[in-house]
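Asker: Submitted below is the structure of interest, expressed as structure tokens.
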Amino acid sequence: MPELSKRVAILVSANLLPGHPDLREDVFELEEEMGKLIPAFAANGMELVTIDWRKAPDQAKLYDAMLPLFVWDYFENNEEEFLSAMARIEQNTKLFNTFKVLQWNANKAYLDDMEARGAATIPTVTLSHAHEMEVLRAMEELRTDKVVIKPDVGGGAWRQVLYEKGQPFPSKDDLPPDGAMVQPFLSRVTEEGEYSFLYFGGAFSHALQKTPKSGDYRVQSIYGGHEHPYTPTSEERDRARSILDVLDFTPLYARVDLLRGDDGRLLLIELELIEPYLYLPFADGEGGNNKGAQKLAKAVLKKLSD
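Quick note on numbering: the sequence shown equals residues -1 to 304 in this note's numbering.
This is the structure:
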């Protein structure tokens, strides 16, 4: 085991830390991931710890790098506070992904940018608020009677609703609190789910398929979704790679989430560059020998050495 000459912090939301009165149901995902990352980083000479992201700016100078991989509450009306904290961190240590990338990726208006750059995205209409008349106009523009309404700053299906024309409009408490985006509902999500492709240092690591429980369309485990091993075809690998290729930067870590459209093409639904769950169990190897964890550790070490 090499000497641990570098210190790296994984930033987390407080509700993932022991002793929190409202501990998240999916805290096991943090435990599972850190069980692979800690030994993988140690094998590459780096000590890895978890820190509450709100406390991280005051500790930034003590670490060689910080990664906001588990800040799973930043979008719950905490975006401004989160980005302010990340800006302070970057003044005192390396932040991956960089503040500029985090700021760009925090608002889902980045999908408009991705489409303009040539990425194949799900058609999206952005709204200042998810008022009924605005949503109905968006549905006309999208030429569909069934849509998913999402917050423009969100994650994990938070304040996200499925709406079909002619049904009672969702309540204000269920809808996005501020800016929103409207996308056509793609029926194949209920049949084959969503695909995730993981990249570290710009290199492909692993992929998986996520399917919703019967009667739902949300693929997250907290809503009963399931994950499955998936070996993408070369064409699917190329499609996912083409998403990253339109960027003018190489993110340290990235998760490309894709849904299959009615024409059979895989379309970008999310490009996760802030706090994506990395699904390391779907990479080969256990513990510190997990290939995904090793690839991330080596990508971080390379960044620290540049």
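C-beta atoms are modelled at their ideal positions from N, C-alpha and C, and glycine is treated no differently.
1) Whose C-alpha, out of E31, M131, V145, is nearest the C-alpha of P121?
2) To the nearest angstrom, how far is it from the Cα of L15 to the Cα of E31?
3) Return the chain-ordered ranges of every alpha helix (DSSP H) run that is complete within the stretch 140 to 218 and spans a minimum of 4 residues.
4) Could you tell me which of A205, E233, P210, V6 sits nearest to G43, measuring between CA atoms?
5) Buried or exposed for T119, going by 16 or more other Cβ atoms inside 10 Å?
6) Can you check DSSP and say which residues form a bridge with R253?
7) State the beta-bridge partners of T48 as determined by DSSP.
8) With a Cβ-Cβ cutoff of 7 Å, do H204 and F280 count as a contact?
9) Where does Q89 land, buried or exposed, given buried means 16+ other C-beta within 10 angstroms?
10) Which first and last residues belong to the beta strand (DSSP E) in which V123 is found?
11) With a threshold of 6 Å on Cβ separation, who are the neighbours of R253 within its own chain once the five nearest residues in sequence on each side are excluded?
12) Among the residues of its own chain, which have a CB less than 6 Å from the CB of I267, if the five just before and after it don't count?
13) Between the C-alpha atoms of V217 and L67, what's the straight-line distance to the nearest angstrom?
14) Quick check: what's the CA-CA separation for V387 versus D20?
15) For a test of the three-state rule: what should DSSP assign to E1, helix, strand or coil?
16) So for P227, helix, strand or coil by DSSP?
17) Classify L294 as helix, strand or coil using the three-state DSSP reduction.
18) Closest to E192 by C-alpha separation, out of M131, I241, L160, L264, would be which residue?
19) Can you give the Cα-Cα distance for G177 and R157, rounded to whole angstroms?
20) In terms of residue numbering, what span does the beta strand (DSSP E) encompassing F39 cover?
21) Does DSSP put P16 in a helix, a strand or coil?
22) Using only alpha-carbon positions, find the residue among A114, E284, A201, I241 that is nearest to A297.
23) Put K92 into one of helix, strand or coil per three-state DSSP.
24) Quick one: what's got a C-beta closer than 8 Å to T142's C-beta in the same chain, skipping five residues either side?
25) Excluding sequence positions up to five away, which residues of its chain have a Cβ less than 8 Å from the Cβ of R52?
Answerer: Quick look at the numbers:
1) In the sequence shown, counting from the first residue as 1, residue 121 sits at position 123. Here the closest residue by C-alpha is V145.
2) For this step, residue 15 is matched to residue 17 along the sequence shown. For this step, residue 31 is matched to residue 33 along the sequence shown. Those two C-alpha atoms are separated by around 14 Å.
3) 186 to 190
4) For this step, residue 43 is matched to residue 45 along the sequence shown. Cα-wise, what sits closest to G43 is V6.
5) Stepping through the sequence shown from its first residue, residue 119 is reached at position 121. So T119 ends up on the buried side.
6) Taking the first residue of the sequence shown as 1, we reach residue 253 at position 255. Paired residue(s): L196, E270.
7) Numbered from its first residue, the sequence shown carries residue 48 at position 50. For T48, which the question treats as bridged, DSSP gives the partners I8.
8) Taking the first residue of the sequence shown as position 1, residue 204 is located at position 206. Taking the first residue of the sequence shown as position 1, residue 280 is located at position 282. Their beta carbons are under 7 Å apart, which means H204 touches F280 by this criterion.
9) Within the sequence shown, residue 89 is the residue found at index 91, counting from 1. The residue in question, Q89, is exposed, as its Cβ has fewer than 16 Cβ neighbours within 10 Å.
10) As a first step, residue 123 must be located in the sequence shown, where it is residue number 125. Element bounds for V123: 123 to 125.
11) Taking the first residue of the sequence shown as position 1, residue 253 is located at position 255. S194, L196, E270, P274.
12) For the purposes of this step, residue 267 is identified with residue 269 of the sequence shown, where counting begins at 1. Around I267: I120, D255, L257.
13) By one-based count along the sequence shown, residue 217 stands at place 219. By one-based count along the sequence shown, residue 67 stands at place 69. Going from the Cα of V217 to the Cα of L67 covers about 19 Å.
14) One cannot answer for residue 387 here, as it falls past the ends of the chain, which runs -1 to 304.
15) On the sequence shown, position 3 is the one that residue 1 refers to. If DSSP states are grouped into helix, strand and coil, E1 belongs with coil.
16) Residue 227 sits at position 229 when you count from the first residue of the sequence shown. The answer is strand: DSSP assigns P227 an E or B state.
17) Here residue 294 refers to the residue found at position 296 when the sequence shown is read from its first residue. Residue state, collapsed to three classes: helix.
18) Position 194 of the sequence shown, counting from 1, holds the residue named residue 192. When each option's Cα is compared against that of E192, the closest is L264.
19) One-based indexing of the sequence shown puts residue 177 at position 179. One-based indexing of the sequence shown puts residue 157 at position 159. Looking at the two C-alpha atoms, the distance is approximately 11 Å.
20) Along the sequence shown, one-based indexing puts residue 39 at 41. Premise fails: F39 lies in the alpha helix (DSSP H), 25 to 41, not in any beta strand (DSSP E).
21) Residue mapping note: residue 16 aligns to position 18 of the sequence shown, counting from 1. Reduced to three states, the DSSP call for P16 is coil.
22) By 1-based counting over the sequence shown, the position of residue 297 is 299. Among A114, E284, A201, I241, the Cα nearest to that of A297 belongs to A201.
23) Mapped onto the sequence shown, residue 92 falls at position 94. Three-state result, K92: strand.
24) The residue labelled residue 142 in the question sits at position 144 within the sequence shown. Excluding residues within five positions, the ones whose Cβ falls inside 8 Å are P182, F183.
25) Mapped onto the sequence shown, residue 52 falls at position 54. If we look at R52 and ignore the five residues flanking it on each side, its Cβ neighbours are A12, E79, A83.
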